[in-house]
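Residue numbers (this note's numbering): 1 to 157. Ideal placement from N, C-alpha and C gives every residue a C-beta, glycine not left out.
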Amino acid sequence: MFKMRVIAPIAVAAAALAAFAGGNAIAAPDKPHVTTLRYTLHFSPLTVIDVGAKGNSLGDGIVSHDLVFSKSGKRVGYDAQTCMFTNLSPPQLGCSLVFSIPGGTITGQYIGAPPPHKLVAITGGTGKYVGASGTIEVVESGHDVSVENTLTFRLIP
Numbered sequence: 001m002f003k004m005r006v007i008a009p010i011a012v013a014a015a016a017l018a019a020f021a022g023g024n025a026i027a028a029p030d031k032p033h034v035t036t037l038r039y040t041l042h043f044s045p046l047t048v049i050d051v052g053a054k055g056n057s058l059g060d061g062i063v064s065h066d067l068v069f070s071k072s073g074k075r076v077g078y079d080a081q082t083c084m085f086t087n088l089s090p091p092q093l094g095c096s097l098v099f100s101i102p103g104g105t106i107t108g109q110y111i112g113a114p115p116p117h118k119l120v121a122i123t124g125g126t127g128k129y130v131g132a133s134g135t136i137e138v139v140e141s142g143h144d145v146s147v148e149n150t151l152t153f154r155l156i157p
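Okay, structure coming up:
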């Protein structure tokens with residue numbers, strides 16, 4: 001009987017500890033690991049595709065091909081982008097793009113608008129970026145070629 005009195009409280013304490021640890025694991029899930037890649041962009045002149053009335057109209061498009069550089073200034077890739085006007089006032093475009101960078105490609109979509117700060121949803125990738133998700137942040141300096149044109153990938157595996 002003495003053994004039962006000593007073992008029972010230990011068993012209850014062990015069960016309570018296991019429940020507490022398990023409860024915390026469920027309540028506080030791990031944050032996903034984010035990989036951050038930083039580059040600069042040199043923008044090319046935009047090509048406008050005017051399909052409707054002369055000047056900007058719904059359905060008109062824009063295509064571009066920009067160059068991606070490492071922070072040290074070495075060219076490491078490029079992008080290909082297409083956008084279509086979906087609203088004229090304020091101007092908005094639905095845009096899709098692909099970045100070819102070391103290790104593969106990363107695709108994304110966003111709503112283009114005049115502010116210099118763009119946030120792109122990552123929709124996929126190839127090579128080491130297969131299954132990638134996350135965001136791409138593009139900040140435009142107002143000059144086509146500038147180290148202040150930044151490109152930041154925040155990849156969630």
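- By the criterion of a C-beta distance shorter than 7 Å, S44 is surrounded in its chain by S64, H65 and D66, once the five residues flanking it on both sides are discounted.
- Unbroken alpha helix (DSSP H) stretches of 4 residues or longer found wholly inside the region 54 to 85: none.
- DSSP lists no beta-bridge partner residue for H143.
- Classified as exposed, T47 has fewer than 16 neighbouring CB atoms from the shown chains inside 10 Å of its CB.
- Close CB contacts of F99 within its chain, under the 6 Å cut and outside five residues either way in sequence, are with D79 and I106 (chain order).
- Note on V34: under 16 other CB atoms within 10 angstroms of its CB, so exposed under the neighbour-count rule.
- Here A53 is exposed. Its C-beta has fewer than 16 other C-beta atoms within 10 Å.
- Under a 10 Å Cβ-count criterion, I136 is classified as buried, with 16 or more other Cβ atoms of the shown protein chains found around its own Cβ.
- Less than 8 Å divides the Cβ of G104 from the Cβ of T126.
- The Cβ atoms of M84 and L93 sit closer than 8 Å to each other.
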